[in-house]
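Chemist: Shown below is the structure under consideration.
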Amino acid sequence: MATAVTTQDKRAAELNVISRKQRSLWGDAIYRLLRNRGALLGLIVIAFAALIAIFAPVLAPYDPLAQNGPKQLMEPIWTKLFGSKFTDPAYVFGSDELGRDILSRLMYSSRVSLIIGFVPVSIVLAIGITVGMLAGYVGGVVDDFLMRVTDVVYAFPDLLFVIIIVATLRGTGLGDAFDGLLVIFVGIAVVNWVGVARLVRGQVLATKNREFVEAARSIGAGPGRIMRKHVFPNILAPVIVTAAFAIPGAMLTEAVLSFLGIGIRPPTPTWGVMINEGFIVFSTTPWPVLLPSLCISLVLLAFTFVGDGLRDALDPRSKM
Amino acid sequence: MLRYVIRRLLLVIPTMFFVALITFTLAHMAPGSPFDLNANRPLSQATIDRINRYYGVDKPIPEQFVIYMGNLLKGDLGTSFTRQRPVVDIIGQGIGTTFQLGLGALAFALAFSIPLGIVSALKQNTIVDYLSMLVATIGTTIPGFVIAIFLIYIFGVSLHLLPFVGWGSWQHMVMPIFVLSLGAGGFLTRITRASMLEAIRQDYVRTARSKGLHERAVIVGHALKNALIPVATIIGPATAGLITGSFIIETLFNVPGMGRLYIISIGQRDYPVIMATTLLYAFLIMIANLTVDIMYGVLDPRIKVR
Chain A
1 MATAVTTQDK
11 RAAELNVISR
21 KQRSLWGDAI
31 YRLLRNRGAL
41 LGLIVIAFAA
51 LIAIFAPVLA
61 PYDPLAQNGP
71 KQLMEPIWTK
81 LFGSKFTDPA
91 YVFGSDELGR
101 DILSRLMYSS
111 RVSLIIGFVP
121 VSIVLAIGIT
131 VGMLAGYVGG
141 VVDDFLMRVT
151 DVVYAFPDLL
161 FVIIIVATLR
171 GTGLGDAFDG
181 LLVIFVGIAV
191 VNWVGVARLV
201 RGQVLATKNR
211 EFVEAARSIG
221 AGPGRIMRKH
231 VFPNILAPVI
241 VTAAFAIPGA
251 MLTEAVLSFL
261 GIGIRPPTPT
271 WGVMINEGFI
281 VFSTTPWPVL
291 LPSLCISLVL
301 LAFTFVGDGL
311 RDALDPRSKM
Chain B
1 MLRYVIRRLL
11 LVIPTMFFVA
21 LITFTLAHMA
31 PGSPFDLNAN
41 RPLSQATIDR
51 INRYYGVDKP
61 IPEQFVIYMG
71 NLLKGDLGTS
81 FTRQRPVVDI
91 IGQGIGTTFQ
101 LGLGALAFAL
111 AFSIPLGIVS
121 ALKQNTIVDY
131 LSMLVATIGT
141 TIPGFVIAIF
151 LIYIFGVSLH
161 LLPFVGWGSW
171 QHMVMPIFVL
181 SLGAGGFLTR
191 ITRASMLEAI
201 RQDYVRTARS
211 KGLHERAVIV
221 GHALKNALIP
231 VATIIGPATA
241 GLITGSFIIE
251 TLFNVPGMGR
261 LYIISIGQRD
271 YPVIMATTLL
281 YAFLIMIANL
291 TVDIMYGVLD
301 PRIKVR
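Protein chains in written order, with the numbering used here: chain A, 1 to 320; chain B, 1 to 306.
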């Protein structure tokens with residue numbers, strides 16, 4: 001790389017022209033993304049949350065499930081400044097109604113949230129891109145099928161559709177796998193792949209008759225190669241933006257389901273589960289509910305800022 | 001245009017059928033029957049059989065579906081399994097509350113989002129713009145139930161200013177309506193700002209200005225009128241979103257609306273209520289989506305609908 005740049009510079013010097021470092025679309029996009037203060041802040045928050053999630057077993061002061069009867073409902077230590085008598089220096093963020101350490105539970109919760117953010121979205125992208133490209137490029141039966149499925153799925157209120165799927169599979173083996181994590185993956189994937197497929201289809205339709213695709217075809221490139229090498233890279237930008245917004249969407253779905261008591265099974269800690277469990281004591285001790293609410297707000301905001309930044313970076317024309 | 005509308009309306013029928021089929025299958029596939037919930041007083045097998053026969057849930061699921069659809073076409077939504085009352089009555093009670101909540105939230109969202117969007121477009125890249133965009137982002141990003149939790153803590157638990165359980169008096173309505181309006185309001189603010197920004201750069205605005213019109217006349221009469229077209233088309237789905245999306249707020253604030261009814265019915269496996277609420281929701285959403293497409297054609301003559 002370094003040599004390439006120097007040769008380029010040398011040649012430019014020989015030709016006596018001003019040389020500018022070559023920049024690709026992606027290089028430009030990353031540059032613009034990092035210049036965006038909101039997006040940068042979001043990335044920092046996400047990196048911080050990811051580190052906590054990865055190192056939760058090392059960082060957490062207690063086992064998130066360990067109950068300590070006499071130390072129930074300790075308040076966070078900073079409330080001591082405002083005259084609270086129920087604090088304990090051993091519980092920095094306080095303890096919940098079963099005497100479990102809130103800080104440890106918050107740390108472990110970030111694991112579930114990030115998994116929920118990334119795994120189902122990957123599934124959604126894999127299915128959505130495949131079906132969308134087939135529908136857009138090949139058309140015919142696949143396209144008709146996709147459009148009819150879209151009509152039906154779009155008619156459902158999306159969260160209510162996830163709820164009915166999750167509730168249906170709850171008592172089955174699938175519903176119990178990984179404390180209910182798997183069935184949430186399924187629910188999110190079933191409801192959301194259609195949107196990605198629709199988007200990809202539209203993009204493919206707009207791209208497949210452009211000159212560069214025609215050029216590739218004229219020199220004998222097969223449909224597989226055209227789709228992979230020419231169409232796909234050109235439809236990637238909107239797909240990335242959609243994925244960036246789908247991640248907080250999936251996290252929110254988990255939080256809502258767990259909050260309603262049909263998501264992840266207690267006692268596995270997630271922010272939604274913590275809010276659900278803490279609600280019983282909310283009017284006397286709000287901290288078991290307020291702290292996870294704060295965490296989820298911060299992480300969702302961080303992802304949204306990054307998503308906004310990505311959209312501006314990848315498509316400078318759309319400013320919204 | 002008329003042919004387009006008719007085609008879209010006809011498409012509603014098969015879509016509704018598939019929504020019904022999927023919901024029915026899912027609801028009936030769920031393990032457990034609606035009548036085995038009272039674990040303290042287990043019923044004898046004979047009684048269970050009799051109840052199942054009475055409600056028709058002993059038949060195979062495909063047959064039940066055919067019977068259900070037949071009754072549906074006659075306008076009969078069935079009887080609730082757990083409440084022993086016609087589903088129509090139960091839904092009729094809930095839907096009024098949900099509409100009050102949803103339309104209240106819509107009115108409030110419009111009241112703050114449109115002025116906010118206009119002002120931030122006119123004062124682009126100033127502190128006013130940044131602040132209102134921040135408010136809009138928070139409104140669309142932070143889930144309603146989380147904002148509700150903070151509000152309940154401040155105004156309900158700490159200050160004792162507002163009740164946070166139930167529905168009826170205006171004090172009960174303040175928090176749910178406010179919280180519900182934030183998501184739609186934030187979204188509408190962004191749309192208003194974006195389309196206003198586009199409108200004030202158009203040639204017809206420059207023309208209006210160059211013929212010496214007052215700045216206010218240019219903004220209100222020329223830019224705003226066109227900028228509100230996308231906003232107007234979003235109002236339909238926004239309303240549908242508010243009405244179908246209120247279930248968390250209803251559950252949280254104990255508002256006796258359709259959304260809470262839906263959540264409770266899923267827990268109780270009350271098939272007729274689940275079916276009826278889902279179908280009603282799906283219908284509302286489809287009509288809302290259809291309205292946008294038609295509105296676009298009516299409001300903006302530049303767009304030709306095929």
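Here a beta-carbon is modelled for each residue, glycine too, at the ideal position from N, C-alpha and C.
All values reported here derive from a predicted model rather than from experimental measurement.
Can you confirm whether V19 of chain B, when its beta carbon is compared against all beta carbons of chain E, has any partner nearer than 8 Å?
Modeler: Annotation note: the requested chain E is absent from the structure, which comprises protein chains A and B.
Chemist: Which of helix, strand or coil does DSSP assign to P325 of chain A?
Modeler: The shown model of chain A, from 1 to 320, leaves out residue 325 of chain A, and the question about it has no answer.
Chemist: Sorted by chain position, which residues of the same chain lie with C-beta nearer than 8 Å to I164 of chain A's C-beta, five sequence neighbours on each side aside?
Modeler: If the five residues before and after I164 of chain A are omitted, its C-beta is found closer than 8 Å to no C-beta atom of its own chain.
Chemist: Report the option in A:L300, A:W193, A:V138 and A:L314 whose CA atom is closest to the CA atom of G139 of chain B.
Modeler: A:L300
Chemist: With three or more C-beta pairs closer than 8 Å as the rule, is the region 10 to 17 of chain B touching the region 57 to 64 of chain A?
Modeler: No: the two stretches stay apart, fewer than three of their Cβ pairs being nearer than 8 Å.
Chemist: For L106 of chain A and F86 of chain A, which I take to be in contact (beta-carbon distance under 8 Å), what is that distance rounded to the nearest angstrom?
Modeler: Contact flag wrong, Cβ pair sits at about 19 Å.
Chemist: Check whether the region 248 to 262 of chain A touches the region 90 to 110 of chain B, taking contact to mean three or more Cβ pairs, one atom from each stretch, closer than 8 Å.
Modeler: no
Chemist: Can you give me the C-alpha to C-alpha distance between Q67 of chain A and L174 of chain A, rounded to a whole angstrom?
Modeler: 29 Å
Chemist: Can you give me the C-alpha to C-alpha distance between A199 of chain B and R209 of chain B, rounded to a whole angstrom?
Modeler: 13 Å
Chemist: Taking Cβ positions only, does Y307 of chain B come closer than 8 Å to chain A?
Modeler: Here chain B comprises residues numbered 1 to 306, so residue 307 of chain B is not present and cannot be evaluated.
Chemist: Give me, in chain order, the residues of the same chain whose beta-carbon lies closer than 6 Å to that of F303 of chain A; leave out the 5 immediate sequence neighbours on both sides.
Modeler: Non-local C-beta neighbours of F303 of chain A in its own chain, meaning closer than 6 Å and more than five positions away in sequence, comprise I247 and P248, ordered along the chain.
Chemist: According to DSSP, is P60 of chain B part of a helix, a strand, or is it coil?
Modeler: coil
Chemist: Taking 8 Å as the threshold (C-beta atoms), are T98 of chain B and M196 of chain B in contact?
Modeler: At the C-beta level, M196 of chain B and T98 of chain B stay beyond 8 Å of one another.
Chemist: Going by other Cβ atoms of all chains shown within 10 Å of its Cβ, with 16 needed for buried, is M1 of chain A buried or exposed?
Modeler: Unreliable positioning characterises M1 of chain A in this predicted model, as indicated by a pLDDT of 45, which lies under 50. The coordinate reading is nonetheless provided below. With fewer than 16 Cβ atoms within 10 Å of its Cβ, M1 of chain A is classed as exposed.
Chemist: What residue does the alpha helix (DSSP H) around S24 of chain A start on, and which one ends it?
Modeler: Taken as a continuous stretch (DSSP letters only), S24 of chain A belongs to no alpha helix (DSSP H), as it is neither H nor E.
Chemist: For P288 of chain A, which of helix, strand or coil comes out of DSSP?
Modeler: helix
Chemist: For a test of the three-state rule: what should DSSP assign to T79 of chain B, helix, strand or coil?
Modeler: strand
Chemist: Straight-line CA distance for Y262 of chain B to V153 of chain A?
Modeler: 18 Å
Chemist: Assuming M74 of chain A contacts S104 of chain A under a Cβ cut-off of 8 Å, what Cβ separation, rounded to an integer in Å, is found between them?
Modeler: So it is not a contact: roughly 13 Å between Cβ atoms.
Chemist: Excluding the five sequence neighbours on either side, which residues of its own chain have a C-beta within less than 7 Å of the C-beta of L284 of chain B, listed in chain order?
Modeler: A240, I243 and T244
Chemist: Can you find a CB in chain B that lies within less than 8 Å of the CB of I188 of chain A?
Modeler: Chain B, which has no Cβ nearer than 8 Å to the Cβ of I188 of chain A, makes this no.
Chemist: Assuming Y55 of chain B contacts M275 of chain B under a Cβ cut-off of 8 Å, what Cβ separation, rounded to an integer in Å, is found between them?
Modeler: Actually they do not touch by this definition, with Cβ atoms about 13 Å apart.
Chemist: Is P286 of chain A close to chain B, meaning its C-beta is less than 8 Å from at least one C-beta of that chain?
Modeler: yes
Chemist: Please state whether DSSP places P89 of chain A in a helix, a strand or coil.
Modeler: Residue state, collapsed to three classes: coil.
Chemist: Taking C295 of chain A as the reference, which of A:F118, A:A50 and A:R217 has the closest Cα?
Modeler: A:A50
Chemist: Rounded to the nearest angstrom, how far is the Cβ of R201 of chain A from that of L146 of chain A, given a contact under 8 Å?
Modeler: 7 Å
Chemist: Output, in chain order, the set of chain A residues within a Cβ distance shorter than 7 Å of V146 of chain B.
Modeler: By Cβ distance, chain A contributes S293, I296 and S297.
Chemist: Give the straight-line distance between the Cα atoms of R265 of chain A and T79 of chain A, rounded to the nearest whole angstrom.
Modeler: 31 Å
Chemist: Which same chain residues, not among the five before or five after F247 of chain B, have their C-beta less than 7 Å away from its C-beta?
Modeler: G259, R260, Y262 and I263
Chemist: Should T168 of chain A and A136 of chain B be called a contact, given that it needs their Cβ atoms to be closer than 8 Å?
Modeler: no
Chemist: Is the region 187 to 205 of chain A touching the region 125 to 144 of chain A in the sense that three or more CB pairs, one from each, lie closer than 8 Å?
Modeler: yes
Chemist: I think I114 of chain B touches T25 of chain B, with their Cβ atoms under 8 Å apart; what is that distance to the nearest whole Å?
Modeler: That pair is no contact at about 43 Å.
Chemist: DSSP three-state label for S95 of chain A, please.
Modeler: strand
Chemist: Would you mind working out which of B:L131, B:N289, B:I127 and B:P60 sits nearest I234 of chain B, comparing C-alpha positions?
Modeler: Across the set B:L131, B:N289, B:I127 and B:P60, the C-alpha of B:N289 shows the shortest separation from the C-alpha of I234 of chain B.
Chemist: What did DSSP end up calling D89 of chain B once you bin it into helix, strand or coil?
Modeler: helix
Chemist: How about M175 of chain B and L159 of chain B: are their beta carbons less than 8 Å apart?
Modeler: Their beta carbons are not under 8 Å apart, which means M175 of chain B does not touch L159 of chain B by this criterion.
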